[in-house]
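Data first, discussion second: the structure below is written as structure tokens.
There are 4 protein chains.
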Amino acid sequence: MLLTKLQIEQHNEALLKQHQRNFEFVSGCIPNADALIKKLIDFQVAIPSWALGNGGTRFGRFAGKGEPSTLEQKLEDVGLLHQLNRSSGAISLHIPWDIPKDAGALKQLAAQLDLKFDAMNSNTFQDQPGQQLSYKFGSLQHVDKAVRQQAIDHNIEVIKYGKELGAESLTVWLADGSCFPGQLNFRKAFNNTLDSLGIIYDALPDNWKMFVEYKAYEPNFYSTTVGDWGQSYLFASKLGDKAYTLVDLGHHLPNANIEQIVALLLNEKKLGGFHFNDSKYGDDDLTVGSIKPYQLFLIFKELVEGMDARGMDHTKDLGWMIDASHNVKDPLEDLLQSVEAIKIAYAQALLVDPKKLEAAQQNNDVVLAQELLQGAYRTDVRPLLAAARLKAGAALDPIGLYRQLKVREQLVKERGEHAVATGL
Amino acid sequence: MLLTKLQIEQHNEALLKQHQRNFEFVSGCIPNADALIKKLIDFQVAIPSWALGNGGTRFGRFAGKGEPSTLEQKLEDVGLLHQLNRSSGAISLHIPWDIPKDAGALKQLAAQLDLKFDAMNSNTFQDQPGQQLSYKFGSLQHVDKAVRQQAIDHNIEVIKYGKELGAESLTVWLADGSCFPGQLNFRKAFNNTLDSLGIIYDALPDNWKMFVEYKAYEPNFYSTTVGDWGQSYLFASKLGDKAYTLVDLGHHLPNANIEQIVALLLNEKKLGGFHFNDSKYGDDDLTVGSIKPYQLFLIFKELVEGMDARGMDHTKDLGWMIDASHNVKDPLEDLLQSVEAIKIAYAQALLVDPKKLEAAQQNNDVVLAQELLQGAYRTDVRPLLAAARLKAGAALDPIGLYRQLKVREQLVKERGEHAVATGL
Amino acid sequence: MLLTKLQIEQHNEALLKQHQRNFEFVSGCIPNADALIKKLIDFQVAIPSWALGNGGTRFGRFAGKGEPSTLEQKLEDVGLLHQLNRSSGAISLHIPWDIPKDAGALKQLAAQLDLKFDAMNSNTFQDQPGQQLSYKFGSLQHVDKAVRQQAIDHNIEVIKYGKELGAESLTVWLADGSCFPGQLNFRKAFNNTLDSLGIIYDALPDNWKMFVEYKAYEPNFYSTTVGDWGQSYLFASKLGDKAYTLVDLGHHLPNANIEQIVALLLNEKKLGGFHFNDSKYGDDDLTVGSIKPYQLFLIFKELVEGMDARGMDHTKDLGWMIDASHNVKDPLEDLLQSVEAIKIAYAQALLVDPKKLEAAQQNNDVVLAQELLQGAYRTDVRPLLAAARLKAGAALDPIGLYRQLKVREQLVKERGEHAVATGL
Amino acid sequence: MLLTKLQIEQHNEALLKQHQRNFEFVSGCIPNADALIKKLIDFQVAIPSWALGNGGTRFGRFAGKGEPSTLEQKLEDVGLLHQLNRSSGAISLHIPWDIPKDAGALKQLAAQLDLKFDAMNSNTFQDQPGQQLSYKFGSLQHVDKAVRQQAIDHNIEVIKYGKELGAESLTVWLADGSCFPGQLNFRKAFNNTLDSLGIIYDALPDNWKMFVEYKAYEPNFYSTTVGDWGQSYLFASKLGDKAYTLVDLGHHLPNANIEQIVALLLNEKKLGGFHFNDSKYGDDDLTVGSIKPYQLFLIFKELVEGMDARGMDHTKDLGWMIDASHNVKDPLEDLLQSVEAIKIAYAQALLVDPKKLEAAQQNNDVVLAQELLQGAYRTDVRPLLAAARLKAGAALDPIGLYRQLKVREQLVKERGEHAVATGL
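Protein chains in written order, with full-length UniProt numbering: chain Y, 1 to 424; chain S, 1 to 424; chain B, 1 to 424; chain E, 1 to 424.
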């Protein structure tokens, strides 16, 4: 199901007057509204194919309705999101859940929907039906070379699919680790993993990046072999220039200072990209910005400052992806909320005056430095986002329009109540 | 599959000499070996029916082999454990996974295996096929009275099954809570839950206990309606004398002092029982004693001291249950390790000299108090456990015998490779 | 040093035009600007006397300048804050750091400065010069009755001072606890503390409240005898109707859901008041709102909703106090930032539409509930606070005026560079 | 005060029979008692000079008695410990608290006491009286080059003192970081610190090591510039072969897997040494082994396995130091407990059969791997430690002898009740 241009225009017209009042006020408060809106229009966040259906926990899953059950339907869902906000112009696929049968047709569909193929994701944390060897005790780290080879082959196959579709990066998230003291020789697990990653790295096309994702715990509950940014950095730096660290906001120990990690990885030229979500306890995979929006802002503040310091392109030089689970919400509404929260944080970060902040830091004027950050954060930037959407042809109120048009009801009609997406 | 008395005897005979050397040494180091062994023999830990198969995480489950697929087979597995260690003389059932079809026959089987029926567990955290209303947004807390009533009815049905089997307690673990700020009115959720529990409480036979379990988070990742001991205490004290708090070792925020909670609940006469397991990060449900054995000892130290202070019976006045998940181990071996760890902690706690400790505390002699605790903890009490097993007719080395007799292989032959137990 | 009315007026005049533009916009976005501003004017936050100087850590303290070294100077500092924001109309004293020598004169000074005397704070966590018995091993919990009596007497003395000054509440924060397993008998410590508190409670005037503050850890690093809200609730409910729980935002285990605790305590009629601050790791005592502003908003959302549900008066029925430490900032500037952050959260909470939220909750419309909360939170309410200040005769930009008038430099001149306030 | 050989011999004689019974039993249970005892005799743990007096918290300090107030007295205290356990044959000094006035005399005293000078510690986390520039906003990270230079000069001075005494390593622990978002430019702070460390590194003698200690938080409560092992590793690897990471057990975020960090640092040849202590919440600096003894064992298991894999000398190739605070215990007794706990963990780690463990790991036999670790850990190795002490001329029961001889009372007599050691 897709929207018509007219549907969007009618929606916007009804809200336009109010929007203009808001926009005029806010744009009058900031020095560079036009440039900022340009950046907001360009900033795109990739949607993961596995987030289009309801997720669950080990205790069960409460199904949604009208979920996309084919790869084509997943693209259509992302296309719909992108129509609504013009900020979701990419999809991140997951193999084996999203094996393309006809890459050409798929690329054509993506082009129609104005979508790009973002990072490809491999899966060696589950056993698939018919799989020869089990990943119960790990994949790239496994004590058995044959298991490692199977996992390596899988990753190389994922690269192959990605090449067919025009993707340019591979995200390797490993569940590898151990559940009990003694289960693993940490050094051997590390070195096996490094060797395995090295073979995959060698299969990477020249224009590709490899993202080495880290995670503190879960599904292994004693150790994880790529457990923190330090380990990911070690892998990435040993592998070579195409290997980078990927930061998932939920993959840290309690109270970690993620924004500092981001700044240091940028400093070391090893930050590759992001998996956005939010969390209170662990890898809760909640809607971005729903729990700790100020932390999200602080991360973006480091991103903007650090990328600008190295002359990086905000839109292309890092991978921006969502990785969340939708246990109690309509996944499409949840994703609209997440993209909005990301772009709010980005807009607020752009409002921080770098010169004034630098001066405050140079003077150790901690109070002023805080005022500058809070001043940007407390600004209501929603009219700026709305203006960017309006200019890009999206809806002023994406969730409002989604509800008004009863999109989910339409999808249920098209796909049936019990259509279930692949994923967790 | 059950063991013969001869198999156990032969096994013990081979190990007897070594055991005697060990036992003579240790029993010579402590004042009251006989009394202690008597207590060890009497101390029984209930096995949950859902822990006899492999557990998984939201990322997947790696199946075991030869799991029990009927309730009878589950009893047999526990019967087997009990033969091996004579310390697992009870099973804790879970409805709807373990609905007894013929209660009489089941009781007979249990009697043959020398097993009791421990606490009954209800399940309102999942939707069952054919269930009318969904628990997606909670059960006893639900904004919709009809959903609450459905959950109440389920709990009353669980009591009915329990009565038929001779159980005497109901464990209510609620996943109820919320994933996002704003989702729930905390007060209404609390008060709805209290009302619902009240109706269930009223249906409780006079000789029954209700255990109100608390958990900090998961599967809800923002709030849990029975989220900590304070909330459980509030419910239990408002409900009445038959209502108690149940402590699951994995259900706390990081760094919680569980032993202090235990001591206070005993002081308030509101401690009901335990779900034993171990964890490093969250509700990891690892083998008991595999991560923080000293904490386990400290908890038992409080239990022994607090129960003795109130003249309670160690074996009957609290509920002792395991609640763990077996992602990478044979569940039966894992349970043998868990029961062993529990009894080691119990034995060590019994070695603490209460008079000397009290004197050290009275003198604020912190060094001596620590020496007394560590002195007990550092004692190798395994020969005492072995002596208790020997005297009770169990195996000196339960895991050793289990492996020697290739029990799992036998179970696979009997039940097939792909037999899967109900559970998570 | 105090400001003149003229100084404030001149400052406001210069900012007025810009303020009016901002205010007109925001007040046009919300339904009830006038009523809201009235509430903001009435909302007062007490300043603790010990927060007027620089704090330190166990690793050292970096002194500030021109700190108040007499009780009179402390009142003057708070009076100055109150002039700047008309929101700090109370001071919370700490005995023995603030023993009033001439209560009458002090009350007169307070009246001149338009200040009230908020909760009195006792101190049994340190030994004072000449003190007979040591609190090294606790105070109200101590194994030695004589130590307990000394601590009881001290608290009763604090009440006496408070009565002279017209205060109406006593905050009891106990460092009591233990550093090592075995050091303490938890039950006896609890019961001793209860007995001791009972005697103090009996000495409380009828119109007074007793606030029982809890804290998870520090300065004791194994157990704390009033360690969490559950323990505080137990004490408060056993003591009687005048005893309440006091919540300090930094006194929890990692990831605690403080807003839920607040809601439950309100539900149980046992919430007494707050110590505001912010933290990332533990009891970091940072500026309010500097780390987790959304959590602060969620807490205020519960406060507003819960107080309204019980018909409570926002300004009087709970105690609002700051408790922070100023290691790297000018304390007065830091306090201005804290008060601002508190009132921003309060204003945002007042913007949440209770009817719409209730409806969303009733429909389990989690997405809408989140939109409602975030809609309020994302609103830039600073112009509303400024309008309230303007109306109350305070400065439109308190920190701006403080800096413009070089207040700290004046204080240094008056008091000397090395004047040091009592405190930590 | 020093002990006489006779005092020790008489003490041992009284305990000998009991010891022999214990020792015969344990040595009969393990394959290699003699070799193990040899290793235990050789294993020495350095005592920090600042741990010989009572520590405190930001809330206050409860003084002990008879603390050493001169550097000579500190050496004597360590000498006394070393007499008691023959395992504390080194002292770690801290500048400016321990500036040697007469290095020659001090070396002579150390030689008499059979003590070595372990790592030298610099201090740029406090301002000293008369210090020109303040470290309030950092030292080696500071925005002001002059402050950085002052801190560099101080470190170079510390090296100079160390050279005079025959020390061979410098521990750099930096409190540098920030308390509030915005205070610091993370990249500049990192790069300034790297530059500063580089200059100090260049001043290091060829045979010296530099230990770069990391800490997650405190005394800065938002960010720390050497905040985790990853950052320390970055510094150490950029500095050169003489720079290493130092692990303090209390310097991590909650739930960190420290043993894995240790294994990886060994793998990367960047582990330099340890600061031993224990903790429940943060950097609690409690007695080693008093909270998480199994974690300590797991760390030593990695140390033994990892050092052996690289052919390292257990006694010399890593730095073993205690860093604890003694708030409620006699510091000397506390240190005896800490050294005992360290050596118990070391002995248990030596009991793990590496071949069997490797085989279990190779077979993914998680149950057996756990049994092997727990088998070693549950062994009561205290008689082995006692045997090592006996052989080395130390006391069978160090704390017992310390108390029997009323050492503290003697020290109070010699030094006075109110003698206070320098330190925190």
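Ideal Cβ placement from N, Cα and C applies to all residues, glycine included.
- Buried or exposed: which applies to residue 439 (chain S), given that a residue is buried once 16 or more other Cβ atoms fall within 10 Å of its Cβ? Outside the displayed span of chain S (1 to 424) sits residue 439 (chain S), for which this structure offers no information.
Legend entry - Proximity test, Cβ basis, 7 angstroms: P254 (chain Y) and chain A: The structure shown contains no chain A; its protein chains are Y, S, B and E.
ask   = Which residue comes first and which comes last in the beta strand (DSSP E) that contains G182 (chain S)?
value = Within the second sequence, residue 182 (chain S) is the residue found at index 182, counting from 1. Careful: G182 (chain S) lies outside any beta strand (DSSP E) and carries neither H nor E.
K209 (chain S), enclosing beta strand (DSSP E) - first and last residue:
In the second sequence, counting from the first residue as 1, residue 209 (chain S) sits at position 209. 209 to 213 is the extent of the beta strand (DSSP E) around K209 (chain S).
Assuming L115 (chain B) and I91 (chain B) make a contact with CB atoms under 8 angstroms, what is their CB distance in whole Å? Sequence index remark: in the third sequence, residue 115 (chain B) carries index 115 (1-based). Sequence index remark: in the third sequence, residue 91 (chain B) carries index 91 (1-based). Confirmed, Cβ separation roughly 6 angstroms.
Exercise. Can you pull the DSSP bridge partners for F117 (chain Y)?
Worked result: Residue mapping note: residue 117 (chain Y) aligns to position 117 of the first sequence, counting from 1. According to DSSP, F117 (chain Y) bridges with Y:I91.
- Task: Count the other C-beta atoms from every protein chain shown that fall within 10 angstroms of the C-beta of I322 (chain E), then say buried if there are 16 or more, exposed otherwise.
- Result: For the purposes of this step, residue 322 (chain E) is taken as residue 322 along the fourth sequence, with counting starting at 1. I322 (chain E) should be labelled buried.
Q337 (chain E) classed as buried or exposed, judged by whether at least 16 other C-beta atoms fall within 10 angstroms
Here residue 337 (chain E) refers to the residue found at position 337 of the fourth sequence. Counting every other CB atom within 10 Å of its CB across the protein chains shown gives Q337 (chain E) a total of 16 or more, marking it as buried.
Open item on the list: I'd like to check one pair, A119 (chain B) with G282 (chain B): are the Cβ atoms closer than 7 angstroms?
Closed with: To locate residue 282 (chain B), count along the third sequence from 1; it is residue 282. To locate residue 119 (chain B), count along the third sequence from 1; it is residue 119. In this structure, A119 (chain B) does not lie closer than 7 angstroms to G282 (chain B) by Cβ.
F25 (chain E) (DSSP reduced to helix, strand or coil) = Position 25 of the fourth sequence, counted from the start, is the residue given in the question as residue 25 (chain E). F25 (chain E) falls in the helix class under three-state DSSP.
Among all the DSSP beta bridges, which residues are the ones paired with P48 (chain S)? Counted from its first residue, the second sequence places residue 48 (chain S) at position 48. Paired residues: S:S92.
Residues of the segment 16 to 43 of chain S in Cβ contact with chain B at a cutoff of 7 angstroms, in chain order, please.
Going along the segment 16 to 43 of chain S in chain order, one finds no residue with a Cβ nearer than 7 angstroms to chain B.
Opening and closing residue of the beta strand (DSSP E) in which G319 (chain E) lies: Walking along the fourth sequence from the start, residue 319 (chain E) turns up at place 319. Looking at the DSSP string, the run of the beta strand (DSSP E) that includes G319 (chain E) is 319 to 322.
- prompt: When DSSP labels each residue in this structure, what does H275 (chain S) get in the three-state scheme?
  reply: Reading the second sequence from its first residue, position 275 is the one you call residue 275 (chain S). H275 (chain S) falls in the strand class under three-state DSSP.
Where S290 (chain Y) meets chain B, residues with beta-carbon distance less than 7 angstroms
Against the first sequence, residue 290 (chain Y) aligns to sequence position 290. At a C-beta separation below 7 angstroms, S290 (chain Y) has these neighbours in chain B: Q370.
- Item | chain S contact for K280 (chain E) (CB, 7 angstroms cutoff) | One-based indexing of the fourth sequence puts residue 280 (chain E) at position 280. K280 (chain E) belongs to the set of residues whose beta carbon lies under 7 angstroms from a beta carbon in chain S.
Exercise. Which value, in whole angstroms, describes the spacing of the CA atoms of T57 (chain B) and L286 (chain E)?
Worked result: Against the third sequence, residue 57 (chain B) aligns to sequence position 57. Against the fourth sequence, residue 286 (chain E) aligns to sequence position 286. Those two C-alpha atoms are separated by around 17 angstroms.
| query | Nearest to S27 (chain E) by alpha carbon, out of E:Q131, E:A421, E:K145, E:L384? | reply | As a working mapping, residue 27 (chain E) is identified with position 27 in the fourth sequence. When E:Q131, E:A421, E:K145, E:L384 are compared, the shortest CA-CA separation from S27 (chain E) is found for E:L384.
Q) Alpha carbon to alpha carbon, what distance is there between A63 (chain B) and G416 (chain B)? A) The residue labelled residue 416 (chain B) in the question sits at position 416 within the third sequence. The residue labelled residue 63 (chain B) in the question sits at position 63 within the third sequence. Taking the CA atoms as reference points, G416 (chain B) sits about 13 angstroms from A63 (chain B).
Between the alpha carbons of T224 (chain Y) and A263 (chain S), how many angstroms are there, rounded? Translated into the one-based positions of the first sequence, residue 224 (chain Y) becomes position 224. Translated into the one-based positions of the second sequence, residue 263 (chain S) becomes position 263. Distance between the alpha carbons of T224 (chain Y) and A263 (chain S) is about 35 angstroms.
Residue(s) in a DSSP beta bridge with W173 (chain B): By 1-based counting over the third sequence, the position of residue 173 (chain B) is 173. Its beta-bridge partners do not exist; DSSP assigns none.
- 9 angstroms Cβ cut-off: residues of chain B touching E218 (chain E): Against the fourth sequence, residue 218 (chain E) aligns to sequence position 218. Here the neighbours are T57, R58, F59, Y281, G282, D284.
*Run the CB neighbour count on L2 (chain E), radius 10 Å, all protein chains shown included, and call it buried at 16 or more, exposed below.*
On the fourth sequence, position 2 is the one that residue 2 (chain E) refers to. Answer is exposed; the Cβ neighbour count stays below 16.
Check your understanding: Along chain B, which residues have their Cβ under 9 angstroms away from the Cβ of F137 (chain E)?
Key -> Stepping through the fourth sequence from its first residue, residue 137 (chain E) is reached at position 137. Neighbours of F137 (chain E) on chain B, chain order: F62, V328.
query: Looking at the C-beta of P181 (chain B), does it have a partner C-beta in chain S at a distance below 7 angstroms?
result: Position 181 of the third sequence holds residue 181 (chain B). So yes, P181 (chain B) belongs to the interface.
Review point. Using a Cβ-Cβ cut-off of 7 angstroms (strictly less than) and excluding sequence neighbours within five positions of L81 (chain Y), which residues of its own chain qualify?
Key: By 1-based counting over the first sequence, the position of residue 81 (chain Y) is 81. For L81 (chain Y), where only same-chain residues beyond five positions count, the Cβ hits under 7 angstroms are I47, S88, L332, L335, L336.
query = Going along chain Y in order, which residues have a C-beta closer than 7 angstroms to the C-beta of L424 (chain S)?
reply = Against the second sequence, residue 424 (chain S) aligns to sequence position 424. Under the 7 angstroms cutoff, chain Y gives R58, F59.
**Request:** Specify the secondary structure class of S232 (chain B) as computed by DSSP and reduced to three states.
**Result:** Taking the third sequence and counting its residues from 1, one reaches residue 232 (chain B) at position 232. The answer is helix: DSSP assigns S232 (chain B) an H, G or I state.
- Cross-chain neighbours of R408 (chain B) in chain Y, by beta carbon under 8 angstroms: Here the question's residue 408 (chain B) lines up with position 408 in the third sequence. Correct list: empty, because the minimum Cβ distance to chain Y is about 11 angstroms.
Counting beta carbon pairs with one atom in the segment 99 to 113 of chain Y and one in the segment 64 to 77 of chain Y, are three or more of them shorter than 8 angstroms?
Contact holds between the segment 64 to 77 of chain Y and the segment 99 to 113 of chain Y, because three or more Cβ pairs, one in each stretch, are under 8 angstroms apart.
The beta strand (DSSP E) that contains V247 (chain S), what's its start and end? Within the second sequence, residue 247 (chain S) is the residue found at index 247, counting from 1. Per DSSP, V247 (chain S) belongs to the beta strand (DSSP E) from 243 to 248.
Subject >> Contact set between P293 (chain S) and chain E, taken where Cβ atoms lie within less than 9 angstroms >> reply: As a working note, residue 293 (chain S) is residue 293 in the second sequence. Around P293 (chain S), the beta-carbon contacts reaching into chain E at under 9 angstroms are P293, Y294, Q374, Y377, R378.
**Prompt:** Buried or exposed: where does N277 (chain Y) fall if 16 or more other Cβ atoms within 10 Å of its Cβ makes it buried?
**Reply:** For the purposes of this step, residue 277 (chain Y) is taken as the residue at position 277 of the first sequence. With 16 or more Cβ atoms within 10 Å of its Cβ, N277 (chain Y) is classed as buried.
**Asked** Just curious, the alpha helix (DSSP H) that T193 (chain Y) is in, first and last residue?
**Response** Here the question's residue 193 (chain Y) lines up with position 193 in the first sequence. DSSP places T193 (chain Y) inside the alpha helix (DSSP H), whose first and last residues are 186 to 202.
- [ ] Check the Cβ of L298 (chain S) against every Cβ in chain B and list those closer than 9 angstroms, keeping chain order.
- [x] By one-based count along the second sequence, residue 298 (chain S) stands at place 298. Contact note: L298 (chain S) reaches chain B through P181, G182, using a C-beta cutoff of 9 angstroms and chain order.
Check your understanding: Nearest-angstrom Cα distance between H232 (chain Y) and A341 (chain E)?
Key -> Taking the first sequence and counting its residues from 1, the one referred to as residue 232 (chain Y) is at position 232. Taking the fourth sequence and counting its residues from 1, the one referred to as residue 341 (chain E) is at position 341. The sequence shown places Ser at residue 232 (chain Y), rather than the His named in the question. Each residue's alpha carbon lies about 34 angstroms from the other.
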